[in-house]
Each structure stands twice: as structure tokens, then as C-alpha cells.
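Chains as they are written, first to last, in my numbering: chain A, 8 to 274; chain P, 8 to 274.
Heads up, the beta-carbon is just placed ideally off N, CA and C, and yes, glycines get one too.
This one's a predicted model, so the numbers in the text were calculated from it and none came from an experiment.
To start, the structure itself, in C-alpha cells.
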């Protein structure tokens, strides 16, 4: 999917919402069986109830891998269930030496046909570029993450006075362009997203941390938007587990609509 | 597996050799079919021919994931085929926010029963500690990797004059201990491994980059060994593809024995 196709879909729906699919067996509604088929059914019901009020889905690979080989089988079914005009992100945080990253790219872009994959920057340029060799596919590189641990290294000061994450953003933005790279910038950093936007005026940011992690969509938009939207705002747990009863899909939809209303200033 | 169990096995075999299982369908011997079953058979033959002349196996997840869901199925078969007294490493380079890392840990330690998993440090402490909560299981954290891209961020200078990878090593060594953490330190950095050893006298290092990537086992040992061995030296392509004919398993064994001879000064 291209950047303008994504933005068209956002405008049509007045939504920048990405729904994170992190299906935790221990949190499923009582009506859903805690097994791979139950988890697949749960995710499909969430998608059926929300695909017209969001623009992207982000399955989190860990939650599928924790089910063993069956997890990958249901992941494949799940991706095929998402309507093709929605943007799909494999939240996999991969990255390895060149010949290995090429294999990961093949797994996510060819085999599972995701539009994007999240990638960790620590191993540098040659660990990222193999993902950039696919037409209309995206790398979403970790910039400033939403967790407490983002303070441990990402915010450390470098010799030239910049922070590590700023150095990562600046260097990596030359490896691709705003048509094939986005960045993870956590909502939990509040107004700092405006600083990141100043560094990278054109790139899309995938913003996790709204909802269960405490980030606020309005702050994200007022500091992070650009002329082409520039933001995919992710919520996972607050949508998936909006209700633990049989009405979970309806409540998930209501929470998605509520979040879209919070994002209305973007459109 | 505990550190002393690993070292006992190393002494018994006079080997620090870890064999990386990166089965690339395009490089298989002509006698092996390029499909998941063929790849599984190939890896099993390599294991049958080498398990008495190495101490660890390191399946590289990307090569299995590139096969789609069947890749995870054969990976499970493969791990079960490795004799239990050998150390098994999921080379997966995972790492995410706490509740997600916990799921990855479950996938690799509970479901697939690996002894260790490689983890990327960029997201900080809370992305790593969930892996440390399993008895006799190991995190192998990326320190200084073997690829060219290790220069992009890992070797950048911090405000206090240390390099980023040194900062990562020092900070992260407090999250666990030498009984549950190892570090990836690439063989391609030559004598610099002595510098890393001075920083971390007790931890084991997993050393990739010997063989196809150009690193040298003798240099690694003379600068990186400690009293408990302290090194797992990985070779992948030079062993797996030692021959492209039907004698591939025999040639793989010969290459493993040749590498052990290079490592004899460690014992």
C-alpha cells in the first residue's frame, strides 16, 4: 500500500486508528475458548466489528508464537481475513544481519503479505535495508518506544549532545524515504512527539501507548500530525478487552468509535 | 541448562562449537528437496553427523519463518531432534514491551523448550527481564554484532566517552548474572573481543562471524576466553554448505572437527 492510499483511507473514515491484535488467552471473554481456534475466532469477530472504523491492524507476533506452530497457522488465516484496503502491520520487531533480514522480509511480505513490519535498529543499516527492497512495503523502525525501558538507552546522550533515539532517527531516515519507512514513537512521551516531528517532518509515525499504557490521542495529534496525517495511533488492550462478556465485539467497536472522536482534529 | 553443565560438555568434547542452523532452500545439496520436509531432513542429517563434535545448535528463526506456518512446525520437530545434553539457542533477536516479551519467552522456553534466546537491547531493561524469569534459561543479548551495520550505532560515542555497545554491556549486566545472560560479540571485530572480556570477565559470549563472515577462531580464543571457557563460537554456512553433494553431512562433520582443532587452545 502507498502512503497516499493510506491517507485516502484515513480521510474517508476520519480515522488514524490502528488496532493492535494482541490476543491474550487469559483475557478472553468467557464465551471464547482459550485455544488457537478460539483466539482466531475472537480476532475475526473484532475485525468484523471494527474494519469500517479503523484503518490498520497490527497483529503482535509474540501472542501468536506463544501458541506454538498453530499460532502461525492462525496468523495466516487472520491476515487473510483483514480486508485488503486496510493497512496491515506485523509487529515483530525483527532485525538481523543482511541475509537473515532478507528471510524475515520474505516471511512477512511474501508469505504473509503484510504491508509493514516493525524492525529494531540496533544492528544498523544492513539489517534494515533488505526490508526496503519490496515495492509498496514498509519498515516501521523503532525510534522512541512507549515503555519505561526507553530511558535505558534511547534517551542517553551522545558525544554530540543529541540523544540516541534522535541519532537513530536522523541516520536511518537516509536509508529509505517517507514512502517506505515509518517510525515507532510512543504516545507515553507526550509533547516530545512534537520534537520528533520537527526532526522528521514527512514520515508517518506509528504511535503505541494510547489506552492501557496511558498515552493521550489528543496530545499526540496536536504535536505529531503533518499535512498527510502522518500518524497511525495504535490501541490494543483497551479495544480487545473493552468487555469480557459476549458483547465484546460491540464494545470493541464502541471504543474504536470513541477513539476516532478523540482524533477528529486530525481531519 | 546451567553454566557448569555447559562447560562440562565443552570439556568432554574439547569443543566450543555452536552450529548455526540457517537452512537456505536455494543452497541445499541437489539430493535434498527444497521444501519444508526436505529442509527438516537436511537439518536432521547435519545434527546426526555433528552432535558429538559440537556443544550447541542455533536455529535461525528467519529461515524457518520464511517457509510460513510449516516453518514453525519443522522447527519444533528439529528442536526435539537435538539431544538434550546439547545447548539450544533460538536465534530470534526478539525484544518488546514487558507483556509482549513475556509471550516471546513463553514461545521459546515453554513451547519449544530452547535453552536460550537472542534478544535485542534497544527497548531496555523491561523488554529483557521477562526472559530472565525462567530457571536455567538464558538471554543472549546483542552486544557488538558481526555485521558492518554494527558501526552505525553500536560504536557511536556517548557523552561519557564510552561507546554505545559498552554502555549496553555495562547496564544490562546488572539485569541478570553470568548464570542467565550471555552476550553476542562478533568474531569480525578481532582483538576487540579482549576489550569486551575486560568489561565482562565472567559472562559467556556467543561469537558469530567465524567462517563465511571472515572471523578467526584462534583470535577469538586468545582474547576472549575465561576460566569457564566463556565462549560459544558459532559457524553456520561454512558447515551447512561444506559440500553441495550427497556427502554434505560427512563434509559438515569434517568442517566441525577442523574448527574444533582451531579451538584446541581453549581446553
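For a test of the three-state rule: what should DSSP assign to residue 25 of chain A, helix, strand or coil?
strand
Between which residues of its own chain and residue 43 of chain P is the CB-CB distance below 8 Å, once the five residues before and five after are set aside?
74, 77, 78, 80, 81
Close-in-space but distant-in-sequence residues of the same chain around residue 84 of chain P (CB under 7 Å, 5 per side omitted)
47
Between residue 44 of chain A and chain P, is any beta-carbon pair separated by less than 8 Å?
no
With distance defined between alpha-carbon atoms, name the residue in P:41, P:134, P:111, P:143 nearest to residue 94 of chain P.
P:143
Taking the alpha carbon of residue 11 of chain A as the reference point, which residue from A:246, A:86, A:270, A:237 has its own alpha carbon closest?
A:237
Identify the continuous beta strand (DSSP E) that holds residue 241 of chain P and give its terminal residues.
238-242
Please report the distance separating the alpha-carbon of residue 168 of chain A from that of residue 166 of chain P.
7 Å
Under 8 Å, Cβ to Cβ, is there at least one residue of chain A near residue 132 of chain P?
yes
With DSSP collapsed to three states, give me the class of residue 110 of chain P.
helix
Limits of the alpha helix (DSSP H) - the one that residue 15 of chain A falls within:
10-20
Report, in whole angstroms, the separation of the C-beta atoms of residue 253 of chain A and residue 36 of chain A, which I expect to be a contact under 8 Å.
6 Å
Proximity winner among P:141, P:50, P:89, relative to residue 187 of chain P (alpha-carbon distances):
P:141
Starting from residue 211 of chain P, trace the beta strand (DSSP E) in both directions and tell me its first and last residue.
211-214
Which chain P residues are close to residue 79 of chain A, counting only those with a beta carbon under 9 Å from its beta carbon?
72, 75, 76, 77, 78, 79, 80
Report the residue from P:105, P:86, P:123 whose alpha carbon sits nearest the alpha carbon of residue 96 of chain P.
P:123
Here's the rule I'm using: 16 or more other beta-carbon atoms within 10 Å means buried, otherwise exposed. How should residue 268 of chain A be labelled?
exposed
Close Cβ partners of residue 50 of chain P (< 7 Å) along its chain, the five nearest in sequence each way excluded:
28, 30, 85
Backbone CA spacing between residue 115 of chain A and residue 145 of chain A [nearest angstrom]
11 Å
Ordered along the chain, which non-local residues of its own chain (more than five positions away) have a Cβ less than 6 Å from that of residue 13 of chain P?
94
According to DSSP, which residues form a beta bridge with residue 95 of chain P?
P:64
C-beta contact flag for residue 149 of chain P and residue 111 of chain A at 8 Å
no
Check whether the Cβ of residue 97 of chain A lies closer than 7 Å to any heavy atom of the ligand ADP, and answer yes or no.
This structure simply doesn't include the ligand ADP, nor any ligand for that matter.
Examine the Cβ distances between the stretch 188-207 of chain A and the stretch 219-227 of chain A and report whether three or more of them are shorter than 8 Å.
yes
8 Å Cβ cutoff, residue 190 of chain A in contact with chain P:
no
Look up residue 101 of chain P in the DSSP assignment and say whether it is helix, strand or coil.
strand
Reducing DSSP to helix, strand and coil, say where residue 177 of chain P ends up.
helix
Answer yes if the stretch 64-73 of chain P comes into contact with the stretch 55-63 of chain A, meaning at least three C-beta pairs across the two stretches below 8 Å, and no otherwise.
no
Tell whether a beta-carbon distance below 8 Å holds between residue 153 of chain A and residue 104 of chain P.
yes
Mind checking who residue 193 of chain P pairs with in its DSSP beta bridge?
Residue 193 of chain P is not bridged to any residue.
Quick one: does residue 128 of chain A have its CB under 8 Å from some CB of chain P?
yes
Just to confirm my understanding: we take residue 219 of chain P, look at its own chain, exclude 5 residues before and 5 after, and list those with CB closer than 6 Å. What are they?
244, 245
Confirm, please, whether the CB-CB distance from residue 271 of chain P to residue 21 of chain P is below 8 Å.
yes
Taking all protein chains shown into account, decide if residue 208 of chain P is buried (16 or more other Cβ within 10 angstroms of its Cβ) or exposed.
exposed
To the nearest angstrom, how far is the alpha carbon of residue 259 of chain P from that of residue 25 of chain A?
47 Å
Would a check of beta-carbon distances place residue 158 of chain A closer than 8 Å to chain P?
yes
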